[in-house]
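Number of protein chains: 2
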Amino acid sequence: MVTITDISRACGVSRATVSKALNGAPDIAAETAERIRECARSLGYLPNATARALKVGRSNNIGVLFSDSTGGGISHEYFSKILESVKAEAEKLGYDITFISKDLGDMKMDFYEHAKYRNCDGVVVASADFHDPAIIRLCTSDIPTVTLDYVYDSRTAILSDNVRGMEELVTYVHSMGHRRIAFIYGELTSVTQKRLASFKKTCASLGISVLPEYMRQGVYHDPRSSGLATRALLSLPERPTCILYPDDFSFIGGMNELEKQGVSIPKDMSVAGYDGIPLSQVLRPRLTTYRQGAERMGAEAARLLVEQIEHPDTWLPQQVTVEGELLTGDTVSRPD
Amino acid sequence: MVTITDISRACGVSRATVSKALNGAPDIAAETAERIRECARSLGYLPNATARALKVGRSNNIGVLFSDSTGGGISHEYFSKILESVKAEAEKLGYDITFISKDLGDMKMDFYEHAKYRNCDGVVVASADFHDPAIIRLCTSDIPTVTLDYVYDSRTAILSDNVRGMEELVTYVHSMGHRRIAFIYGELTSVTQKRLASFKKTCASLGISVLPEYMRQGVYHDPRSSGLATRALLSLPERPTCILYPDDFSFIGGMNELEKQGVSIPKDMSVAGYDGIPLSQVLRPRLTTYRQGAERMGAEAARLLVEQIEHPDTWLPQQVTVEGELLTGDTVSRPD
DNA sequence: ATAATTAACTTAATCGATTAAGTAAGGCCC
DNA sequence: GGGCCTTACTTAATCGATTAAGTTAATTAT
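Quick look at the structure:
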């Protein structure tokens, strides 16, 4: 391994000079700096991130926390998109990404300890149980954090615009003539509560009265649950004309149930999903859904985290809401 | 931050003693060790992974490389499953995971340099262009590596059993009475070549003669391409009775095309996918497919990499083939 | 009783890089 | 010509932990 010492010997200067030259310090003569850089290049020198991190107390490494318990892990399309964009943006900014988990090997550690142990400069927290004390500890600690889809007091967060998403969806199906709109929603997280509230509010402001039977709790990302909910909705004396699913993947369960009962989409029943995963735009009929701005959310999360890391003193916590986009597919038609 | 020095002061022993006590060295009295551990606990001591890594030259950190160019990035179901299991297994073994990319920030680095820079003890390489010189450099370097679905000479690799997968699929559809079997395959990677060879060989050994028109090149993970290929197959004077798709997601494109042409699955046309992603088992009819053992592959990759890292001298490169499992869904029926 | 061994520490060097503080040489000014 | 800046370096401490080698004191062997 080529170190700064090797270069200093090869160039006949002190190690300090080499370090400064490579970092562009102002008190090194231009030609000396060039000579040193050339020498470093020819020797194949690579800075040692570990040594640098130890000295300067910054690792240029940010943690990413996807707690798996909720099932909303890495293989969830929405979160994997976020992860991908966090990664891309972080790399652009010169930061690497390390996963934060509890219980590394035989060491009993919580998330905060893990992040500290790895010297993470900050952590992006997504898809977590935000009521988990270990998550709370991390997100209220001295480590800069950015949460996704959840706000801790005086902390930076990136939020998907669930209120607007629901509003656009409901407004759209209303504009298509639907008045009997059912909504299958997921577990009661803060996201779900926003969607529910927005659903109710939008319905109210459009003058739609929603039967309580039209609002059914389901489970995110679970076609079985949405299939059951769909069956229940179909057996109502007064069937809805449109069903909103908790997410695109859940819709598949509904689709199956509808098909089984000979209910054709969108002729006999209009439907819409949520998320805008690739699958939704590849299915025929194309699913009407609200695409969350996962890429932008991930990029913003990384960007704000890095800003917070690099300017801790002037940092003002902020909540950024990223709007999505209504994808009007072909699964919502005008009811008879 | 609590360091070893703080503990040594609090306990009235040297820093060396503290370090040894915490690492269970044999030359520390049991009661002293206990006192030190207790003290460390009460002070909330956390070892500093960076400092340790600098000293011992090992980071307990493994790199994961998913090059994005091929589009087989993190959000690909198969690869995200692999990533998830690599992560889980690595964590069990006490290793963290860092993504390896090229061009971190403004530093021009290739994969090898990045891994070195971050002091990775080893790298898992997946979903990459294995002909990329940068990948080759990494995978033939002094850094321990494990590749997935590709073998470099005298290097450890984890392979999905593509030969067996194809064989099982073909044998199965043959046993269901199909003789006119079409195969849409993806880009000609080594994986594709294995599948193609196995397809031909199995057909031959079963006495099926495959029309050249029945083998069509498509693109992995691309429903549009598979839709076009499907259309072409349907317009043949002698239609196949069964179509094998390059993967489950591609199948969606075929499904759309079949539906459009009023060809019912599986009554008029049998189909099968490959991968066994969750979606395939949630669709109705359930897709017949071959589930690759992504979880086992990821876990094996991590396990072998760590073994290689921890016993470099006695390490013998090996290629492990992980078998998958035929999922007989409901999309293959007996042809008339 | 003395030498040899063992147990339980401590000392000090080290990993590779950064950086505050120090220094020497040259230039500038009055 | 003496003092004062600059410029361009060097010296040396430091980050936190590990570990080979050294040092005691106590124990065992002869």
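If you read the protein sequences in the order shown, they are chains E and L. Numbers given in this note's numbering equal positions in the first sequence, counted from 1, plus 78. Numbers given in this note's numbering equal positions in the second sequence, counted from 1, plus 78. We put the CB at the ideal spot given by N, CA and C, even for glycine. A quick note: this is a predicted structure, and the numbers were derived from the prediction, not measured.
Cβ contact (3+ pairs, closer than 8 Å) linking the stretch 265–283 of chain E and the stretch 216–226 of chain E: Because the criterion of three Cβ pairs below 8 Å is not met, the stretch 265–283 of chain E and the stretch 216–226 of chain E do not touch.
Residues of its chain near L:R242, where Cβ-Cβ distance is below 7 Å and the 5 sequence neighbours each way are ignored: Sequence-distant partners of L:R242 (beyond 5 residues in either direction) whose C-beta falls short of 7 Å from its own C-beta, in its chain, are E401.
8 Å Cβ cutoff met for E:C281 and E:V248: In contact: E:C281 and E:V248 (Cβ atoms closer than 8 Å).
Residue(s) in a DSSP beta bridge with L:I262: For L:I262, which the question treats as bridged, DSSP gives the partners L:R294.
Cβ of L:I175 within 8 Å of any chain E Cβ: Closer than 8 Å to some Cβ of chain E, the Cβ of L:I175 qualifies, so yes.
Counted within 10 angstroms of its Cβ, other Cβ atoms place E:G296 as buried (16 or more) or exposed: It is buried - the Cβ of E:G296 has at least 16 other Cβ atoms within 10 Å.
Contacts of L:L182 in chain E (Cβ-Cβ under 7 Å): Chain E residues near L:L182: E169, G172 and D174.
Chain L contact for E:E112 (CB, 8 Å cutoff): No, E:E112 does not count as interfacial toward chain L.
Burial state of E:R136 (16 or more Cβ within 10 Å): Exposed, because fewer than 16 other Cβ atoms sit within 10 Å of the Cβ of E:R136.
Cβ-based contacts, 8 Å cut-off: residues of the stretch 377–404 of chain L near chain E: Cβ contacts with chain E: none found.
Neighbourhood of L:I85 by C-beta distance below 7 Å, restricted to the same chain and skipping five residues each side: When the five nearest sequence neighbours on each side are left out, the beta carbons in the same chain lying within less than 7 Å of the beta carbon of L:I85 are those of V96, I114, C117, A118, L121 and Y123, in order along the chain.
Within chain L, the residues that E:S137 reaches when beta carbons sit closer than 7 Å: Residues of chain L passing the Cβ test: T128.
Partners in chain E for L:V360, counting only beta-carbon separations shorter than 9 Å: Within 9 Å Cβ-Cβ: P301, R302, F327, I330, G331 and N334.
Contacts of E:I221 in chain L (Cβ-Cβ under 8 Å): Simply none; closest approach about 12 Å.
C-beta neighbour in chain L for E:Y195, strict 8 Å: At a cut-off of 8 Å, the C-beta of E:Y195 has a neighbouring C-beta in chain L.
Chain-ordered chain L contacts of E:G151 [CB-CB under 8 Å]: E162, listed in chain order.
Burial state of L:K194, where buried means 16 or more other Cβ atoms lie within 10 Å: Around the beta carbon of L:K194, a 10 Å sphere encloses 16 or more other beta carbons of the protein chains shown; the residue is thus reported as buried.
Boundaries of the alpha helix (DSSP H) in which E:L365 is found, first to last residue: It is not in any alpha helix (DSSP H) - E:L365 carries neither H nor E in the DSSP assignment.
heavy atom of the ligand FMN below 7 Å from E:I106 C-beta: With respect to the ligand FMN, the structure shown offers nothing to examine, as it has no ligands at all.
Stretch pair the stretch 366–373 of chain L + the stretch 196–205 of chain L: three plus CB contacts closer than 8 Å: Pairwise C-beta distances place the stretch 366–373 of chain L out of contact with the stretch 196–205 of chain L, as fewer than three of them are shorter than 8 Å.
CB contact check: L:E337 to chain E, cutoff 8 Å: True, the Cβ-Cβ gap to chain E drops below 8 Å.
Option in L:E169, L:L171 and L:L161 with minimal Cα separation from L:I178: Nearest option by C-alpha distance: L:L161.
Contact set for L:E316: own chain, Cβ-Cβ below 8 Å, skip 5 residues either direction: Within the same chain, L:E316 has close Cβ partners R258 and L289.
Proximity test, Cβ basis, 8 Å: E:L247 and chain L: It does not: the Cβ of E:L247 has no partner Cβ on chain L nearer than 8 Å.
Where L:R412 falls, given that 16 or more other Cβ within 10 Å makes a residue buried: Sixteen is the threshold: since fewer than 16 other Cβ atoms of the shown chains lie within 10 Å of the Cβ of L:R412, the residue is exposed.
Interface flag, L:S158 vs chain E, CB-CB below 8 Å: Yes, contact with chain E.
DSSP three-state assignment for E:L404, whether helix, strand or coil: E:L404: strand per DSSP, three-state reduction.
Short CB-CB distance (under 8 Å) between L:P344 and chain E: Against chain E, the CB of L:P344 has no partner CB under 8 Å away; the residue lies outside that interface.
Unbroken stretches of the beta strand (DSSP E), 3 residues or longer, contained in the stretch 315–356 of chain L: You should have 320–322 and 348–350.
Residues bridged to L:D174 (per DSSP): According to DSSP, which records beta bridges pairwise, L:D174 is partnered with L:N139.
Three-state class that DSSP yields for E:S179 in the structure shown: Note: E:S179 maps to coil in three-state DSSP.
Same chain only: Cβ atoms within 6 Å of L:F208, ignoring 5 sequence neighbours per side: Around L:F208: Y228.
Beta-bridge pairing of L:I236 - partner residues as DSSP gives them: According to DSSP, L:I236 shares a beta bridge with L:L226 and L:V398.
Which listed residue (E:L383, E:I321, E:L361 and E:N334) has its alpha carbon closest to that of L:Q359: Of the candidates E:L383, E:I321, E:L361 and E:N334, the one whose C-alpha sits nearest the C-alpha of L:Q359 is E:N334.
Residue from L:P356, L:Q339, L:F261 and L:L365 whose Cα sits closest to the Cα of L:I321: Per the Cα distances, L:F261.
Interface flag, E:A307 vs chain L, CB-CB below 8 Å: In terms of beta-carbon proximity, E:A307 stays away from the interface with chain L, with every pair separated by 8 Å or more.
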